[in-house]
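K.L.:
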Amino acid sequence: MVARDPAEAHRASTPLELLFDLTMVVAVATVSAEFDHYIIEGGSVGPAVVRFCFSFMSIWIAWLGFVWFGTGYDVDDALFRLGTLGQMVGVLVIANGIPTSFKKFDYAQLTYGFVIMRVFYIFLFRLRAAYQHRATRAKNLKYAGLTFLLQLGWVGRLYLPQTDAWIVTTFTLLGVCELIVPFVAENGSSTNAPFHPHHVAERYGLFTIIVLGEVILSVSNATRLALDGNVLNGETIKIGLGGMIILFCLWWLYFLIPFGHLLAKNTGRGFLWGYLHIAIHGPIAAFAAGLAIVVQASSLKDATSTTTKDGIVRRASGSTSTSTSSSSVIESIPIKASDISKTGLMVVAIAVSFFIFNLNVLLLMLTKFRWKVFVPKVVGCVVLVAMSAWLPGTGLSAGDIVLLFCIPVCLLLLFCIVLVGSKEDVFGVDSHE
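First residue of the sequence shown? That's 900 in the numbering used here, and the numbers climb one at a time after it.
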């Protein structure tokens, strides 16, 4: 196992990498679905967002290590494939633990998935590269050691008090440490970790498409509900149509930027660019969940949310859930379908705004600052969030509001295509050397 040539011609994602990505499809779908279910069941927005962030960060970090190692050392031999298989199993264990993390705020199974992944990652990836490639031996040993220490931290966290405060504190701290490991490992090194800029850009683009696929799933559910019982539901049709338009605009905005070309000119910013993508992929998954919430809220009736002693939130049409004994209920809150719809609309608007703003930040990392590029996007984000706060109080239906959300997003896309100028002007000669 030796480092691959960063300038290798025609480097593309391998069938093995695409197979690994299929586990991410399952994991991302689980996160979005659980976020959606938590809100629909009457759970509070704050805890839902925390659970979503922790769960999504877990699967994204799992994907991250595989991508960056693969772009530098993918030899596609038997040992590399075995290491990939082990990490795929770990990802699926993480995905299976996500429902429990939402219902009970319990991340034990996610930790077990990390342990499985890290055993294969450390021994068959990093230590093997350190043994067989002298030029990067010290760096790979540093990666292996830091990853092992972090894994001890994840396991040790399970033996600490499992109160909400401790869980949030320890998970946040360890998550931040996960993100800074590459910067610590690369610090003081005479050579940067090998990576192929166009291959990395393609891998991130593929994950972007995976997450966008969850939005398509939400649109598909809207279409199904629109034809439920052979009765045409115009409201869900409008929600699905608006969601599809926004989805297509976000796809266009992302792939309008030639990230491979820009990374080739700014290799020193590759890691930072890559790690900031969590602020791109996370909002798309939240957008998918928000759209699903709006779709389902359109067919819901007012109900009651009950929280039991085990922390599980249930939604019932009566005063309490028929499947929950009264002695185990510690909280019972009336919930309105209209409130759930408003929450979903807010999630959609904020998620789309975060995506657009953070995409702007990624572009600024690789090009010189231009007011005409930056300001209109920020204004569009502010307008979108303001619309989500104001429009539900006007009496407009959720479907109408989602369609109105399309206006600022489409205008921003039109601006990026027509008004900004040629790609050579915006993305080429002004990029940092």
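Where is the CB? At the ideal position from N, CA and C, for every residue including glycine.
Just mark residue 1307 as buried or exposed, buried being the case when its beta carbon has 16 or more other beta carbons within 10 Å.
P.N.:
Taking the first residue of the sequence shown as 1, we reach residue 1307 at position 408. Looking at its Cβ environment, which holds 16 or more other Cβ atoms inside 10 Å, residue 1307 is buried.
K.L.:
Determine the closest residue to residue 1173 out of 962, 1118, 1012, with distance taken between C-alpha atoms.
P.N.:
Residue mapping note: residue 1173 aligns to position 274 of the sequence shown, counting from 1. Looking at the Cα atoms, 962 is the closest of the given residues.
K.L.:
I'd like to know whether the C-beta atoms of residue 1304 and residue 1275 end up nearer to each other than 7 angstroms.
P.N.:
By one-based count along the sequence shown, residue 1304 stands at place 405. By one-based count along the sequence shown, residue 1275 stands at place 376. Contact flag unset, no.
K.L.:
To which residues of the same chain is residue 1177 closer than 6 angstroms at the C-beta, ignoring the five residues directly before and after it?
P.N.:
As a position in the sequence shown, residue 1177 is number 278, starting the count at 1. Once the five neighbours on either side are set aside, the close Cβ partners of residue 1177 are 959.
K.L.:
Determine the DSSP secondary structure at residue 1107, reduced to helix, strand or coil.
P.N.:
On the sequence shown, residue 1107 is found 208 positions in, with the first residue counted as 1. Reduced to three states, the DSSP call for residue 1107 is helix.
K.L.:
Straight-line CA distance for residue 954 to residue 1184?
P.N.:
Along the sequence shown, read from residue 1 onward, the residue named residue 954 stands at position 55. Along the sequence shown, read from residue 1 onward, the residue named residue 1184 stands at position 285. For residue 954 and residue 1184, the distance between alpha carbons rounds to 11 angstroms.
K.L.:
Does residue 913 come out as helix, strand or coil in the three-state DSSP assignment?
P.N.:
In the sequence shown, the residue the question calls residue 913 occupies position 14. Residue state, collapsed to three classes: coil.
K.L.:
Apart from the five residues just before and just after residue 1145, which ones in its own chain have a Cβ nearer than 7 angstroms to its Cβ?
P.N.:
By 1-based counting over the sequence shown, the position of residue 1145 is 246. Closer than 7 angstroms at the Cβ level, and outside the excluded window around residue 1145, lie 1251, 1304, 1305, 1308.
K.L.:
By the DSSP assignment, the alpha helix (DSSP H) with residue 1038 in it spans what residues?
P.N.:
Residue 1038 sits at position 139 when you count from the first residue of the sequence shown. Per DSSP, residue 1038 belongs to the alpha helix (DSSP H) from 1036 to 1056.
K.L.:
Where are the beta strand (DSSP E) runs, 3 residues long or more, that stay fully inside the segment 1120 to 1189, in chain order?
P.N.:
Qualifying beta strand (DSSP E) stretches: none in this window.
K.L.:
Examine the Cβ distances between the segment 1042 to 1053 and the segment 913 to 933 and report whether three or more of them are shorter than 8 angstroms.
P.N.:
Cβ pair count under 8 angstroms is below three, so no.
K.L.:
According to DSSP, is residue 975 helix, strand or coil?
P.N.:
Translated into the one-based positions of the sequence shown, residue 975 becomes position 76. It is coil, neither helix nor strand.
K.L.:
Between residue 886 and the rest of its own chain, which residues show a CB-CB distance below 8 angstroms, the 5 nearest in sequence each way excluded?
P.N.:
Residue coverage of the chain in this structure runs from 900 to 1332, which leaves residue 886 outside it and unanswerable.
K.L.:
In whole angstroms, what separates the C-alpha of residue 1171 from that of residue 1075?
P.N.:
In the sequence shown, residue 1171 corresponds to position 272, counting from 1. In the sequence shown, residue 1075 corresponds to position 176, counting from 1. About 13 angstroms.
K.L.:
Nearest by alpha-carbon distance to residue 1106: which of 1153, 938, 1195 is it?
P.N.:
What you label residue 1106 is simply residue 207 of the sequence shown in a count that begins at 1. Nearest option by C-alpha distance: 1153.
K.L.:
Can you tell me whether residue 967 is buried or exposed, with buried defined as 16 or more other CB within 10 angstroms of its CB?
P.N.:
Numbered from 1 along the sequence shown, position 68 holds the residue referred to as residue 967. That one is buried.
K.L.:
Can you tell me which of the three DSSP states residue 907 falls into?
P.N.:
Mapped onto the sequence shown, residue 907 falls at position 8. DSSP places residue 907 in coil when its eight states are reduced to three.
K.L.:
Report the three-state DSSP secondary structure of residue 1085 (helix, strand or coil).
P.N.:
Residue 1085 sits at position 186 when you count from the first residue of the sequence shown. It is helical.
K.L.:
Please check the pair residue 1010 and residue 1053, which I expect to be a contact at CB under 8 angstroms, by giving their CB distance rounded to whole angstroms.
P.N.:
Here residue 1010 is taken as the residue at index 111 of the sequence shown, counted from 1. Here residue 1053 is taken as the residue at index 154 of the sequence shown, counted from 1. About 5 angstroms; that satisfies the 8 angstroms criterion.
K.L.:
Would you mind giving the Cβ-Cβ distance between residue 956 and residue 990, rounded to the nearest angstrom? I have them listed as a contact below 8 angstroms.
P.N.:
Residue mapping note: residue 956 aligns to position 57 of the sequence shown, counting from 1. Residue mapping note: residue 990 aligns to position 91 of the sequence shown, counting from 1. Wrong, their Cβ atoms sit about 14 angstroms apart, outside the cutoff.
K.L.:
At which residue ranges does the segment 1269 to 1311 contain complete alpha helix (DSSP H) runs of 4 or more residues, listed in the order of the chain?
P.N.:
Counting whole runs of 4 or more residues, the segment 1269 to 1311 contains the alpha helix (DSSP H) stretches 1270 to 1289.
K.L.:
Which residues mark the beginning and the end of the alpha helix (DSSP H) in which residue 1019 is found?
P.N.:
Here residue 1019 refers to the residue found at position 120 of the sequence shown. Looking at the DSSP string, the run of the alpha helix (DSSP H) that includes residue 1019 is 1007 to 1019.
K.L.:
Work out the CA separation of residue 1283 and residue 1268 for me, nearest whole Å.
P.N.:
Taking the first residue of the sequence shown as position 1, residue 1268 is located at position 369. Taking the first residue of the sequence shown as position 1, residue 1283 is located at position 384. The straight-line gap from Cα to Cα measures roughly 23 angstroms.
K.L.:
Using CA coordinates, which residue listed in 1137, 1098, 1142, 988 is at the minimum distance from residue 1116?
P.N.:
Numbered from 1 along the sequence shown, position 217 holds the residue referred to as residue 1116. Taking only the C-alpha atoms, the option nearest residue 1116 is 1142.
K.L.:
If you reduce the DSSP assignment to three classes, tell me which class residue 901 lands in.
P.N.:
For the purposes of this step, residue 901 is identified with residue 2 of the sequence shown, where counting begins at 1. Of the three classes helix, strand and coil, the one that applies to residue 901 here is coil, per DSSP.
K.L.:
Quick check on residue 1082: buried or exposed, where buried means 16 or more other Cβ atoms within 10 Å of its Cβ?
P.N.:
Within the sequence shown, the letter at position 183 stands for residue 1082. Burial call: exposed.
K.L.:
Have a look at residue 992 and residue 1008 and give me their C-alpha separation to the nearest angstrom.
P.N.:
The residue given as residue 992 occupies position 93 in the sequence shown. The residue given as residue 1008 occupies position 109 in the sequence shown. Whole-angstrom Cα-Cα distance: 7 angstroms.
K.L.:
Need the endpoints of the alpha helix (DSSP H) that residue 1031 sits in, please.
P.N.:
Numbered from 1 along the sequence shown, position 132 holds the residue referred to as residue 1031. Residues 1026 to 1031.
K.L.:
Can you tell me whether residue 943 is helix, strand or coil according to DSSP?
P.N.:
The count along the sequence shown starts at 1 and reaches residue 943 at position 44. Residue state, collapsed to three classes: coil.
K.L.:
Taking the Cβ atom as the reference point for each residue, do residue 1243 and residue 1181 lie within a distance shorter than 7 angstroms?
P.N.:
Residue numbering aside, residue 1243 sits at position 344 when the sequence shown is read from its first letter. Residue numbering aside, residue 1181 sits at position 282 when the sequence shown is read from its first letter. Not closer than 7 angstroms, so no.
K.L.:
Give the C-beta separation of residue 1050 and residue 1014 to the nearest angstrom, bearing in mind that I take them to be a contact with Cβ-Cβ under 8 angstroms.
P.N.:
Within the sequence shown, the letter at position 151 stands for residue 1050. Within the sequence shown, the letter at position 115 stands for residue 1014. Their Cβ separation, rounded to whole angstroms, is 7 angstroms, which keeps residue 1050 and residue 1014 in contact under 8 angstroms.
K.L.:
Please state whether DSSP places residue 1241 in a helix, a strand or coil.
P.N.:
In the sequence shown, the residue the question calls residue 1241 occupies position 342. If DSSP states are grouped into helix, strand and coil, residue 1241 belongs with the helices.
K.L.:
Using 8 angstroms for Cβ pairs, my map puts residue 970 next to residue 1110. What's the rounded Cβ distance?
P.N.:
To locate residue 970, count along the sequence shown from 1; it is residue 71. To locate residue 1110, count along the sequence shown from 1; it is residue 211. Not really, about 20 angstroms apart at Cβ, beyond 8 angstroms.
K.L.:
Tell me, to the nearest whole angstrom, how far the beta carbon of residue 1260 is from that of residue 1186; I am working on the premise that it is less than 8 angstroms.
P.N.:
Mapped onto the sequence shown, residue 1260 falls at position 361. Mapped onto the sequence shown, residue 1186 falls at position 287. The Cβ separation is near 18 angstroms, so there is no contact.
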